[in-house]
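With full-length UniProt numbering, the residue at position 123 of the sequence shown is 123, and numbering never jumps.
Just below is one structure, and these are the notes that go with it.
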Amino acid sequence: MRRTPLFLRWLPMPILTAPLALLVLIGLVFAVALPLSQRIRPSSADAAPMPVPAPIDGNRAFKYLTQICEIGPRPAGSAANAKQRALVSAHFQKMGAKVTEQPFTGQDPRSDKQVAMVNLVGSWHPERKERVVIGAHYDTRPFPDEERNPELRSIPFIGANDGASGVALLMEMAHHLKTLPTSWGIDLVLFDGEELVYGRDGEYFLGSKEFARVYVEGVDGRHADFNYEAGLVLDMVGGKNLKIQQEPHSLNLAPKLVKEVWAVARQLKATAFHNRIGRAVMDDHLPLNNGGIPTIDLIDFDYPYWHTSQDLPKNCSGDSMAEVGRVVTAWLSQPRTRGR
Ligand SMILES: [Zn+2]
Numbered sequence: 001m002r003r004t005p006l007f008l009r010w011l012p013m014p015i016l017t018a019p020l021a022l023l024v025l026i027g028l029v030f031a032v033a034l035p036l037s038q039r040i041r042p043s044s045a046d047a048a049p050m051p052v053p054a055p056i057d058g059n060r061a062f063k064y065l066t067q068i069c070e071i072g073p074r075p076a077g078s079a080a081n082a083k084q085r086a087l088v089s090a091h092f093q094k095m096g097a098k099v100t101e102q103p104f105t106g107q108d109p110r111s112d113k114q115v116a117m118v119n120l121v122g123s124w125h126p127e128r129k130e131r132v133v134i135g136a137h138y139d140t141r142p143f144p145d146e147e148r149n150p151e152l153r154s155i156p157f158i159g160a161n162d163g164a165s166g167v168a169l170l171m172e173m174a175h176h177l178k179t180l181p182t183s184w185g186i187d188l189v190l191f192d193g194e195e196l197v198y199g200r201d202g203e204y205f206l207g208s209k210e211f212a213r214v215y216v217e218g219v220d221g222r223h224a225d226f227n228y229e230a231g232l233v234l235d236m237v238g239g240k241n242l243k244i245q246q247e248p249h250s251l252n253l254a255p256k257l258v259k260e261v262w263a264v265a266r267q268l269k270a271t272a273f274h275n276r277i278g279r280a281v282m283d284d285h286l287p288l289n290n291g292g293i294p295t296i297d298l299i300d301f302d303y304p305y306w307h308t309s310q311d312l313p314k315n316c317s318g319d320s321m322a323e324v325g326r327v328v329t330a331w332l333s334q335p336r337t338r339g340r
């Protein structure tokens, strides 16, 4: 905001008719204020350089999605879940990441049995102290409990969008992180135990809670020697006709990050990002915010096959994932700003 220039206060306003005064004012604004404002605000958001996305390959992202779905249902603690983790771990390493695992124990709410769970962390530029975490859950829900047909509620759930899309996009982004012009250290994280839940109620987000706990408390008394400056959670980013709205908890907890990401989306004309507030969603971004990491959730919660037997690759699109990947990598390449 600029103050009204002083000389305007000395205009002989009473002797001018209103239309004439208006014309004079408009003339003055164009003659003086605009060029001046352009000269003195070169670093404002309006004049931000065009963000440059990585050349994200939507077809390849979609191939990863189908590859993950072919493993079958991947609930926490299952052999399929471990197989997926091994696949992504090998991929991250091949793409130049340092990979670490965070093992922890959850509980199956139905059997009360202990369930071995693991978060997977792929780190690019591990020496950098200012880092961004980009996460997605990789476990799938045990059953498609939102299925309208009760008989279908007991069949295994594939989770092409709810589960595989976020992981597949992380795998695609991994191709570009070694060469991406960014000053951040980047951690791509697979959260386990996001939804080992059988009905609507239960304990969600076991993996992201553990991830935040380790970040805050450290391991064996040794605390992290870096800071997470920002976090992005990718969930259900692969549906056809993708529509990502600003999620209210994200807006409350990390408003600046929402603004930055949507500004990049606007500049890239990424039309999947809608400039309006969507429904509030509880997701892995909440535990991360609790752990002091300003994190937003990029999610299409209007996906019609959410938690149904039809959450399948045929209802997903590589173009959708590519658009999100372009916005995220372009945001990572932006000059850094403080505070979120
Ligand atoms: Zn889900």
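Backbone N, C-alpha and C fix where the C-beta goes; we use that ideal spot for every residue, glycine too.
Small disclaimer: the values here were computed from a predicted structure and weren't measured.
Who are the near neighbours of residue i in its chain, counting only those whose CB is closer than 7 Å to its CB and skipping five residues on each side?
i: Val-118; result: Arg-85, Glu-101, Gln-102, Pro-103 and Asp-192
i: Lys-83; result: Ile-71
i: Gly-58; result: Gly-318, Asp-319, Met-321 and Ala-322
i: Ser-154; result: Phe-143
i: residue 364; result: The displayed coordinates of the chain run from 1 to 340. Any statement about residue 364 would go beyond what the structure contains.
From which residue to which residue does the beta strand (DSSP E) around residue i run?
i: Tyr-215; result: Not the beta strand (DSSP E): Tyr-215 falls in the alpha helix (DSSP H), residues 206-217.
i: Leu-120; result: 114-124
i: Ile-277; result: 273-277
Thinking C-beta only, is residue j closer than 7 Å to residue i?
i: Trp-331; j: Val-281; result: no
i: Ile-56; j: Ala-164; result: no
i: Gly-122; j: Val-99; result: yes
i: Phe-205; j: Pro-75; result: no
i: Tyr-228; j: Arg-131; result: yes
i: Val-233; j: Asp-284; result: yes
i: Lys-178; j: Gly-96; result: yes
i: Val-142; j: Tyr-198; result: Here residue 142 turns out to be Pro, not Val, going by the sequence shown. Yes, the Cβ-Cβ distance between Pro-142 and Tyr-198 is below 7 Å.
i: Val-115; j: Gly-77; result: yes
i: Ala-61; j: Leu-169; result: yes
With DSSP collapsed to three states, give me the class of residue i.
i: Ala-97; result: coil
i: Leu-234; result: strand
i: Gln-67; result: helix
i: Asn-315; result: helix
i: Gly-325; result: helix
i: Pro-150; result: helix
i: Pro-142; result: coil
In the DSSP output, what is residue i paired with across the bridge?
i: Asp-297; result: Val-233
i: Asn-227; result: Glu-130
i: Asp-187; result: Ser-123 and Val-133
i: Arg-222; result: Val-219
Identify the continuous alpha helix (DSSP H) that holds residue i and give its terminal residues.
i: Met-171; result: 166-174
i: His-249; result: 248-253
i: Asn-289; result: 285-290
If I measure Cβ to Cβ from residue i and keep anything under 6 Å in the same chain, skipping five residues before and after, which residues do I get?
i: Asn-161; result: Met-236, Gly-238, Gly-239, Tyr-303, Asp-311 and Cys-316
i: Ile-244; result: Ala-272, Phe-273, Leu-298 and Asp-300
Output needed for residue i: all residues of its chain with C-beta closer than 8 Å, excluding positions within five of it in sequence on either side, in chain order.
i: Pro-181; result: Val-52 and Ser-333
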